[in-house]
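Participant: Numbering (this note's numbering), first residue to last: 270 to 554.
We put the CB at the ideal spot given by N, CA and C, even for glycine.
1) Secondary structure at residue 392, three-state DSSP: helix, strand or coil?
2) Keeping to the same chain, check which residues put their C-beta closer than 8 Å to that of residue 462; ignore five residues upstream and five downstream.
3) Could you tell me which of 505, 523, 487 and 515 sits nearest to residue 332, measuring between CA atoms?
4) Let's see if you can read the secondary structure: which residues bound the alpha helix (DSSP H) around residue 355?
5) If you draw a straight line from the C-alpha of residue 272 to the C-alpha of residue 472, how long is it?
6) Tell me whether the beta-carbon of residue 503 lies closer than 9 Å to the beta-carbon of residue 406.
7) How far does the beta strand (DSSP E) with residue 305 in it extend, from its first residue to its last?
8) Tell me the rounded alpha-carbon separation between residue 356 and residue 403.
9) Considering just the uninterrupted stretch of the beta strand (DSSP E) at residue 359, what are its terminal residues?
10) Are the beta-carbon atoms belonging to residue 426 and residue 474 less than 9 Å from one another?
11) Comparing alpha-carbon positions, which option in 321, 316 and 335 lies nearest residue 297?
12) Counting only the same chain and skipping the five closest in sequence on each side, list residues whose C-beta sits under 7 Å from that of residue 468.
13) Mapping the DSSP letters down to three states, classify residue 379 as helix, strand or coil.
14) Is DSSP giving residue 553 helix, strand or coil here?
15) Among the candidates 450, 415, 414 and 399, whose CA atom is the shortest distance from the CA of residue 556?
16) Pop quiz: residue 437 and residue 317 are said to be a contact at Cβ under 8 Å. What is the actual Cβ separation, rounded to whole angstroms?
17) On the criterion of 16 or more Cβ atoms from any shown chain inside 10 Å, does residue 414 qualify as buried, or is it exposed?
18) Would residue 383 pass as a contact of residue 366 if the rule is Cβ separation under 9 Å?
19) Quick check on the DSSP output: the beta strand (DSSP E) that includes residue 475 runs from which residue to which?
20) Determine the direct distance from the alpha carbon of residue 353 to that of residue 440, and round the result to whole angstroms.
21) So, under 8 Å CB-CB, residue 293 and residue 490 are touching, yes? Tell me the CB distance rounded to an integer number of Å.
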């Protein structure tokens, strides 16, 4: 699916597969009951999904649930965002402003900003969070958000939780997870703004706290097309939650723009885009 999504929209790929489309539209709780694994999920897997996604099982759909449960059996990597390397080559073309409107015209699109500027362009790629994209593109509906309160804690944790790096909790409560960091501090995620931290720490200091609202949009089965209109693309995790799949939607948009760019030249070949390196796609876009 991921490979196909480099050259086809997520919506097209998911709808073309009876298996994927069924999972996308089936509630996770119905799926696990259908497969006879509800007890296993409720006692074990459910705590993991609750800690990662901040959603109860009856709020999730099967495709997202199964995707995230893969991380119990495949490696998960941290990464460093090397901003200077990513923006090398177009750093001087970056404009820091807030877009207030996007309108289609005869030659392409006009973009108006909060600073009173107006820009004209042939191609537009919207890479904003779903609730912002909804306003810009006047989308009828998007997936509902998951929410969480995050506390960065320095202190001594109770003995009950001292022997594990990650502690997940059952969805019957509003505590999602406690994660030990490499520097000895903890990340504490819950569903309420004022948790009783003394129940979990013998001594503690709050380094930072944050209301993560929305954390991400994952509740529901809305399936949006990446190509919203001619030369207008919507990328990100609007359909499938996660950085990798969001990145792939960007590759799809870049590939579509490259196809049109090269289509009237001798450079273009039918298999060119599949061979273009990811770095080139990002650089061109």
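Facilitator: On the basis of the data shown:
1) coil
2) 418 and 480
3) 487
4) 352-356
5) 48 Å
6) yes
7) No beta strand (DSSP E) holds residue 305; DSSP gives it neither H nor E.
8) 26 Å
9) That residue, residue 359, is in no beta strand (DSSP E); it is neither H nor E in DSSP.
10) no
11) 335
12) none
13) strand
14) Because the pLDDT of residue 553 is 40, which lies under 50, any placement of that residue in the model is unreliable, and the question is left without a value.
15) This structure cannot settle anything about residue 556, because the visible part of the chain is limited to 270 through 554.
16) 6 Å
17) buried
18) yes
19) 470-488
20) 41 Å
21) 6 Å
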